[in-house]
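full-length UniProt numbering puts the sequence shown at residues 1 to 328. Below is one structure, written out as structure tokens, with a few remarks after it.
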Amino acid sequence: MLTATSAVKFVPAAAQELQIAYRHYALNSSAGVAKSPTLVVAHATGLCKEVYAPLLEQLKTVQGDAFALDSRNHGDSGTANLELLESGHATAESFLDNARDILALIDALKLTAKRPLIGMGHSVGAAGMLFAEIMRPNTFDAIVAIDPIISTVDLDKVAQGVAAPDGSATGLDVAHTVINRKATWKSRDEARAHLAGRGMYTGWCPQAMDAFLNYGLRDLEDGAGVTLKCTPKQEAHSFLSGAHYPYLIFQRLHEIRIPILFIGSEGSEFIPPKNIKEIAMQCQRQECVILPRLRHMMPHEDPKAVASAIDQFLRRFNSNAGVATAKM
Numbered sequence: 001m002l003t004a005t006s007a008v009k010f011v012p013a014a015a016q017e018l019q020i021a022y023r024h025y026a027l028n029s030s031a032g033v034a035k036s037p038t039l040v041v042a043h044a045t046g047l048c049k050e051v052y053a054p055l056l057e058q059l060k061t062v063q064g065d066a067f068a069l070d071s072r073n074h075g076d077s078g079t080a081n082l083e084l085l086e087s088g089h090a091t092a093e094s095f096l097d098n099a100r101d102i103l104a105l106i107d108a109l110k111l112t113a114k115r116p117l118i119g120m121g122h123s124v125g126a127a128g129m130l131f132a133e134i135m136r137p138n139t140f141d142a143i144v145a146i147d148p149i150i151s152t153v154d155l156d157k158v159a160q161g162v163a164a165p166d167g168s169a170t171g172l173d174v175a176h177t178v179i180n181r182k183a184t185w186k187s188r189d190e191a192r193a194h195l196a197g198r199g200m201y202t203g204w205c206p207q208a209m210d211a212f213l214n215y216g217l218r219d220l221e222d223g224a225g226v227t228l229k230c231t232p233k234q235e236a237h238s239f240l241s242g243a244h245y246p247y248l249i250f251q252r253l254h255e256i257r258i259p260i261l262f263i264g265s266e267g268s269e270f271i272p273p274k275n276i277k278e279i280a281m282q283c284q285r286q287e288c289v290i291l292p293r294l295r296h297m298m299p300h301e302d303p304k305a306v307a308s309a310i311d312q313f314l315r316r317f318n319s320n321a322g323v324a325t326a327k328m
């Protein structure tokens, strides 16, 4: 059972003029976990913290706290920071800023005292978790990286980021798409009709779609409809935040000493299975699981399958069994 213990709260971002929104969830496992980890959860670009609630609710090995944050230009953070971001007085999210803001949340809430501390991220959020651990070793006791946006090549040197050698999508590809996306609807029902089953929302479970419509959109001030909390301009900024960072993280993965679970998917549009296996092999203590049939948005397509992979990893972690070499 999952309980949101309070309303959305804020802490200062790494850039002090900005705020980072977070939501505290209490996870009540029926598995009788003796020493349950505390989770810090970071989302994918274009989403928000609440869309991971269906995944958290499926976890069986966690009984305690989960803190899910919105990156600085997404969700409730994006709404709070919109004027500063749109005026250019503050920088939009980058891979580096994401990692720094994760650390800022951990510091503000003193989460390093809540051991074991597990970082769980998806897509750019997963890359941010890994980057945070590289920047400040031993922040986490383990990391779950779901289809992390990490590149095995320097995309700054590959057609200026237009196309990766393996044909997978890059930030520039996606930025061209999102900058012109529809962002405003007369109602959430109209937004659902437009978004459900389209693009990155293809195959989403009803619970995840409901969460995005409820929390990824905000009411317009004039009451005339709803709009995305993360504006198309800000989402595009996130995809263009520096093509060198995914490769920089790849080059430094060998520095991470804690256990890491990499979760990939057969149909990922960004990180093909062979790439995530190569990424995982850079780490000292890692597992790599490839889930069949799913795509990059796997936590929202089949949260139960993703939670099962995480539970298996955390059971081994909790029993101090260590992490074996990648399952390939």
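Cβ atoms here follow ideal geometry from the backbone N, Cα and C, with glycine treated the same way. Note that the structure is predicted; figures quoted are calculated from it, not measured.
Val40 is not a Cβ neighbour of Tyr52, given a cutoff of 8 Å.
Distance between Ala211 and Ala113, taken at the CA atoms: about 30 Å.
Given a length threshold of 3 residues, each whole run of the beta strand (DSSP E) inside the region 181 to 232 is given here in chain order: 217 to 219, 226 to 228. Counting along the chain, no beta strand (DSSP E) covers Thr61, and no H or E run does either.
Under a 10 Å Cβ-count criterion, Lys49 is classified as buried, with 16 or more other Cβ atoms of the shown protein chains found around its own Cβ. Assignment of Lys304 by DSSP, reduced to helix, strand and coil, places it in the helix class. With a cutoff of 8 Å on beta-carbon distance, Pro246 and Ile150 are scored as near each other. Between Gly267 and Arg293 a beta carbon distance of about 7 Å is seen, short of the 8 Å cut, so the two are scored as contacting. Gln286 sits in a strand when the DSSP states are folded into three classes. Per DSSP, Ala99 lies in no beta strand (DSSP E) segment; the continuous alpha helix (DSSP H) that holds it begins and ends at 95 to 108. Taking the CA atoms as reference points, Ala208 sits about 30 Å from Thr152. Taken atom to atom, the span from the alpha-carbon of Ala126 to that of Asp189 is near 31 Å.
Burial is judged here by how many other beta carbons sit within 10 angstroms of a residue's own beta carbon; Arg257 has fewer than 16 and is exposed. For Ala80 against Val11, the beta-carbon gap comes to about 11 Å, at or over 8 Å, which does not count as contact. About 5 Å separates the CB atoms of Ala183 and Leu228; that is less than 8 Å, so the two are in contact. Three or more Cβ pairs closer than 8 Å define a contact, and the region 59 to 75 falls short of that threshold against the region 140 to 150.
In the same chain as Ala196, and ignoring 5 residues on each side of it, the C-beta atoms closer than 8 Å to its own belong to Trp204, Met209, in chain order. Out of Leu261, Arg181, Asn180, the CA that lies nearest to the CA of Met120 is found in Leu261. Listed in chain order, the non-local C-beta contacts of Leu18 below 7 Å within the same chain comprise Arg72, Asn81, Leu84, Ala90, local neighbours out to five positions each way being set aside. Restricting attention to alpha helix (DSSP H) runs no shorter than 4 residues, the region 6 to 50 encloses none. Judged by DSSP secondary structure, Phe140 falls outside any alpha helix (DSSP H); it is assigned neither H nor E. Within the DSSP secondary-structure output, Ile263 pairs in a beta bridge with Ile146, Val289.
Listed as beta-bridge partners of Ala68 by DSSP are Arg23, Val41. Contact annotation: Tyr22 and Phe67 have beta-carbon atoms nearer than 8 Å. Around the C-beta of Glu287, 16 or more other C-beta atoms lie within 10 Å, and the residue is accordingly described as buried. When DSSP states are grouped into helix, strand and coil, Leu294 belongs to the coil group.
Membership of Ile118 in the beta strand (DSSP E) is indicated by the continuous run 117 to 122.
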